[in-house]
Ligand code: ZN
Ligand code: ZN
């Protein structure tokens, strides 16, 4: 390996030894050998001799002002030319991660003048040489915009094009594959795995030579003869497109992109679509259920349907070989061949019932016999949102303080299927009318026409009242969480998705109320930070990854907000919050064995969250005088796990935000994968007529909120709410509840 390796840092604040001309955000470095020998001396020195990029002199800088970077991230950040912006960019960990995963020929979106355009990566690397004494210069992306148009951009202006990546053509290494450590480059003689444009399978071979061609490192590979009889040969690929075989175990090759089918719904000309009611023949007779998923399963031939059966005669809860495809109660899920199912048509002709095998299934099929629109409807696809959902008289029509219910139902059901098992689970006879109203009068019309009349929600409220749950359900303003917990818990007895564990005990819950004690120092928090801080204060962990995570924001009473603004985290990384999951060392990225509670608040780590370390890094970190009193505890380690391989991250994705302003609830939908895929819903946006009139609900596209989500934190912090756009202000300042779902059950990917 190269002897002249450097360790990189970014200056986080002005402090001792930082030259006056240097602003926070500047990148500096020290030779790795020297750094390690200084560390091993245990001199208790707080001073590190570093050089700044663009300056050949050495400065002795207080380590408190430094934050360590990987060489790759240092290159990405150096491409940003304003120091302060570099520090903001560092906080966008997701953007850095996404950029690091990009390769030559990756389809991407590029930001130019505030607009994201599609393009293709042609080159990743330096644009021009830095000063001759600099060890690195900025890493840029050269993007082909088509028609001979090309731009050079830093990582902040480029992101993977999720839509286009879904199309089968340019295949890259699947995301599930563990990322190889950057310090282990492909070399001559290595066995490697790679993907080519025209084949979906991974191919294998041996690297014969690595050399630079036109400024890019290329690998010359002698390919293996494959089992299908394809002949071996030679291929030349950019080094970034080649993976060492040891990082790509063979069982990852066959993962089919199952969600492609799910979006189109139609299967091979059959009229069975997502959410169709079907009949399936099992050994003991016919069973009935709803199609919740369509696609291909690993190691199985042909198209499969994931069914949620009416009865508990299935075998799964929506998982197959430990991977989740949809959510349903245990023993109601069943994966079957398309050919073994037929459509269950409840009203073949008027008044006639389809004969069923038992009276119990007959009862449930009757629920779906409605006025000519008996099929259940899948959530609105992100591409159909504009056509189906956006406009005046769209969404759920408000009436008489119903906004808490309107906004909760709209958020949960219009574009997400995460709680659909509520609609299809077997219910007690006394609860069936409520479930029927929910499915037939609210969710189906919402997804089919994008509109629900006020009378439908009123029917639901009356039914709740008749059941004696609350005398004021038809008249008064309530909290959305009160309504959700009533429906999910008391009436339809759904298994609570959140499993909190504290001191060995496990508690289930439907939503999680963020609670902060007064020791935090958050000012402009992200939802991620709030969740971590709250779990830290409460000494809580999650015992499993929830399918649905509803977070309530901290408030004192109904009206006092704890923070002027909260930044919605589009993704919530809950890896560190899972009690029995493998953790990643904060410093080296390898598998961690220790957790340190005291380090949680240590300002030296300006990344938030729980602090896990491997044993080597922990002893280094805790040899520092200020941390010698810490007591790191062993954390969960999976048996037989490969050392130094970073565990996969568990992430939840944001799909809706409920907001409250002077007792009126409204909601935002994050309905698609693009940053601008936002819609705003108000069930009482306008009114026609006086006391005998009616409310006009409205759904508005609000792509403009993306601008604020992309804004550097320092700029956002200084922005007065009155200077923000009207809708952005509501999203950032009035958030009441954030709704996250596991990406495994989301429909766009
Ligand atoms: Zn480590
Ligand atoms: Zn510590």
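Numbering (the numbering used here), first residue to last: 12 to 760.
C-beta atoms are modelled at their ideal positions from N, C-alpha and C, and glycine is treated no differently.
Query, Result
"Cβ-based burial, residue 672 [other Cβ within 10 Å; buried from 16]", "exposed"
"Inter-residue Cα distance where the pair is residue 106 and residue 698", "43 Å"
"Neighbouring residues (CB closer than 6 Å to any heavy atom of ligand 1)", "596, 598, 599, 601, 624, 625, 627 and 628"
"Residue 270 versus residue 424 - alpha carbon distance", "Only weak support exists for where residue 270 lies, its pLDDT of 30 falling under 50; the value from the coordinates is given anyway. Taking the straight line from one Cα to the other gives about 19 Å."
"Check your reading: residues with Cβ closer than 7 Å to ligand 2 heavy atoms", "607, 609, 610, 613, 622, 632, 633, 638, 641 and 643"
"Residue 432: first and last residue of the uninterrupted alpha helix (DSSP H) it sits in", "432 to 435"
"Whole-Å CB distance - residue 724 paired with residue 102, under 8 Å assumed", "6 Å"
"Residue 532 burial status per 10 Å Cβ neighbour count (16 or more: buried)", "exposed"
"Stretch-stretch touch, CB-based, cutoff 8 Å, three pairs: the region 395 to 410 with the region 460 to 470", "yes"
"Residue closest to residue 343, alpha-carbon to alpha-carbon, out of 442, 334 and 324", "324"
"Under the three-state DSSP convention, the category residue 284 falls into", "coil"
"From 63, 666 and 607, residue whose alpha carbon lies closest to that of residue 641", "607"
"8 Å Cβ shell around residue 135 - same chain, five flanking residues per side excluded", "113, 114, 115, 150, 151, 152, 153 and 251"
"Nearest-angstrom Cβ-Cβ length linking residue 315 and residue 292, presumed shorter than 8 Å", "In fact, because the Cβ distance is near 16 Å, the residues do not count as touching under 8 Å."
"Three-state secondary structure (DSSP) of residue 360", "Residue placement at residue 360 is flagged as unreliable, the pLDDT there being 36, under the threshold of 50; a coordinate-derived value is accordingly withheld."
"Of the listed residues 514, 516, 541 and 596, nearest to residue 526 (C-alpha basis)", "541"
"Buried/exposed call for residue 644, threshold 16 Cβ in 10 Å", "exposed"
"Other residues of its chain near residue 611: CB distance less than 7 Å, five sequence neighbours each side excluded", "547, 621 and 622"
"Limits of the unbroken beta strand (DSSP E) element including residue 137", "126 to 137"
"Start-to-end residues for the beta strand (DSSP E) that takes in residue 711", "705 to 712"
"Residue burial classification, residue 247 (beta-carbon count within 10 angstroms, cutoff 16)", "exposed"
"Coarse secondary structure for residue 511, derived from DSSP in three states", "strand"
"Residue 659 versus residue 520 - alpha carbon distance", "26 Å"
"Per DSSP, cross-strand counterpart(s) of residue 698", "706"
"First and last residue of the uninterrupted beta strand (DSSP E) at residue 492", "From DSSP, residue 492 is part of no beta strand (DSSP E) but of the alpha helix (DSSP H) over 491 to 496."
"CB contact flag (residue 401, residue 133, <8 Å)", "no"
"Delimiting residues of the beta strand (DSSP E) encompassing residue 675", "675 to 681"
"Collapsed DSSP secondary structure at residue 416 in the structure displayed", "helix"
"Distance, residue 285 Cα to residue 171 Cα", "28 Å"
"DSSP state of residue 522 mapped onto helix, strand, coil", "strand"
"Cβ neighbour criterion (16 or more within 10 Å) applied to residue 501", "exposed"
"Segments assigned beta strand (DSSP E), at least 3 residues, entirely inside the region 292 to 350", "296 to 306, 315 to 320 and 344 to 348"
"Cβ neighbour criterion (16 or more within 10 Å) applied to residue 318", "buried"
"Residue 585, buried or exposed, once every other Cβ within 10 Å from all chains shown has been counted against 16", "buried"
"Within 8 Å, strictly: CB atoms of residue 506 and residue 340", "yes"
"Among 688, 668, 701 and 706, the one whose alpha carbon lies nearest that of residue 695", "706"
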